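Just so we're on the same page, the numbering used here is the position in the sequence shown counted from 1, plus 401.
Ideal Cβ positions, reconstructed from N, Cα and C, are used throughout, including at glycine.
Remember, it's a predicted structure, so these values are computed and weren't measured experimentally.
Here's the structure, in structure tokens; my notes come after.
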Amino acid sequence: MIGSPPEYLVIKTILSARATVVGDYLNKEAKGLIAQFMAWLEKEGYPKETQYPNNLKTLARIGANLLDPENVKQIIGRHNVKNGTKLQYVHAYSAFAKMLKLTWDPPRYRQEETLPFVPEERELDQLIAACRSRRMTTYLQVLKETWVDPGEALGLRWIDISGNRVTINKPVKGHLPRQLEISARLVAMLNELPKDSERIFPTNYRNMFQCYDRVRRRAATIQKNPRLLSIELRTFRHWGGSMLAYYLNGNVIKVQRLLGDKRIENTMKYIGMINIKDDEFEVATAITEEEIKKLGALGFQKYDERKIGEMIVSYYRRPKRFSAYSS
């Protein structure tokens, strides 16, 4: 057809892009379209960590005909997932339809207002302890100490590490560049990794998540704790955000800065989510002005005061989990 776009010729060469599943694999037609989509996303400047290709693969695997927008709409509508996930499928297919110049009237879904699952710190530590590779152990420790998005952690380069500071120069969509402190323990863990690539974790999200999924299943079995199966890679950030909100007395501006959120609405969900048990605090006392100043500099907060004899004793505490970054 004269004047037809090149994309049309591609479509005409594919008799059917209806996905068939053999085990966990797509047919050649669907694979070809998704490969073309990935190349188009790169050409158009989409971020490398975009989940659009994976979302499209999921649609194909559950039976969507990628060349039939109405069929795709029906498949998304019937799929038993949250509206927020359906919304991600719609965004991915909208980009795909734009590439092939398909007419697509996207369905409208609204993101549910739900609070994220926040585990206990010991559960995160159980996952880290269950790792069998230094790289995965270090990756999870990075997530725990920096509260970054999993994609930001994967994008870290060796030049982004300077002493005990990590610079996030390649933030994901909705985040800002920032610098964060890490513990001496994590610095040592990073230094033990091979430096045979520009990136610290030279793999993609899909491979990393598959390895992580094996780790959490193993940990859940060993610890007999099914809650571990609910901990996603992004859950480390939810835990960090909640703890920051508590530790900083709900100062949403400081929490937003440390998390790197562009929109303060994304930070507000963490305010007031965590109640720390008494046994999760470090407790100290102070009598002199010098002792009070020292405890304040270490992040301790006054919570009580008593008169013992002729002395006024002030009681201070701070969450144990953040002591490494306050000292």
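Between the alpha carbons of A621 and F602, how many angstroms are there, rounded? On the sequence shown, residue 621 is found 220 positions in, with the first residue counted as 1. On the sequence shown, residue 602 is found 201 positions in, with the first residue counted as 1. Between A621 and F602, the C-alpha separation is close to 25 Å.
(Q) For M500, list the residues DSSP reports as bridge partners. (A) Numbered from its first residue, the sequence shown carries residue 500 at position 99. In DSSP, M500 forms no bridge with anything.
Original post:
Leaving out the 5 sequence neighbours to the left and right, which residues in its chain are closer than 8 Å to N605 when beta-carbon positions are compared?
Top reply: One-based indexing of the sequence shown puts residue 605 at position 204. Cβ-Cβ distances below 8 Å link N605 to L555 in the same chain, with the five nearest sequence neighbours on each side left out; the list follows chain order.
Below 8 Å on the Cβ atoms is my guess for F716 versus K708; work out the distance and round it to an integer in Å.
-> In the sequence shown, residue 716 corresponds to position 315, counting from 1. In the sequence shown, residue 708 corresponds to position 307, counting from 1. Looking at the sequence provided, one finds Tyr at residue 716 rather than Phe. In fact, because the Cβ distance is near 12 Å, the residues do not count as touching under 8 Å.
Can I632 and E524 be called in contact, C-beta distance under 8 Å? Indexing the sequence shown from 1 puts residue 632 at position 231. Indexing the sequence shown from 1 puts residue 524 at position 123. Closer than 8 Å, so yes.
Problem - Simplified DSSP state of R718, which is helix, strand or coil - result: Numbered from its first residue, the sequence shown carries residue 718 at position 317. Residue state, collapsed to three classes: strand.
Following the continuous alpha helix (DSSP H) through Q611, name the residue where it begins and the one where it ends.
Position 210 of the sequence shown holds residue 611. Residues 606 to 624.
Less than 8 Å between the CB atoms is what I'm expecting for V519 and W640, so what's the real figure, rounded?
Indexing the sequence shown from 1 puts residue 519 at position 118. Indexing the sequence shown from 1 puts residue 640 at position 239. Your pair V519 and W640 checks out as a contact, with CB atoms roughly 5 Å apart and the cut at 8 Å.
Please specify which runs of the alpha helix (DSSP H), each continuous and at least 4 residues long, are wholly inside the stretch 649 to 715, giving them in chain order.
You should have 653 to 660, 665 to 669, 690 to 698.
Is it buried or exposed, V423, if we count other Cβ atoms within 10 angstroms and call 16 or more buried? Residue 423 sits at position 22 when you count from the first residue of the sequence shown. Because the pLDDT of V423 is 36, which lies under 50, any placement of that residue in the model is unreliable, and the number read from its coordinates should be weighed accordingly. Around the beta carbon of V423, fewer than 16 other beta carbons sit within 10 angstroms, so the residue counts as exposed.
Q) Under the three-state reduction of DSSP, which class applies to R535: helix, strand or coil? A) Position 134 of the sequence shown, counting from 1, holds the residue named residue 535. If DSSP states are grouped into helix, strand and coil, R535 belongs with the helices.
- prompt: Hey, how far is the Cα of A431 from the Cα of A493?
  reply: Within the sequence shown, numbered from 1, the residue matching residue 431 stands at position 30. Within the sequence shown, numbered from 1, the residue matching residue 493 stands at position 92. In a straight line, the C-alpha of A431 is about 15 Å away from that of A493.
Nearest-angstrom beta carbon gap, P551 and L544 [assumed within contact, 8 Å]
Sequence index remark: in the sequence shown, residue 544 carries index 143 (1-based). Sequence index remark: in the sequence shown, residue 551 carries index 150 (1-based). L544 to P551, Cβ: 7 Å. Contact.
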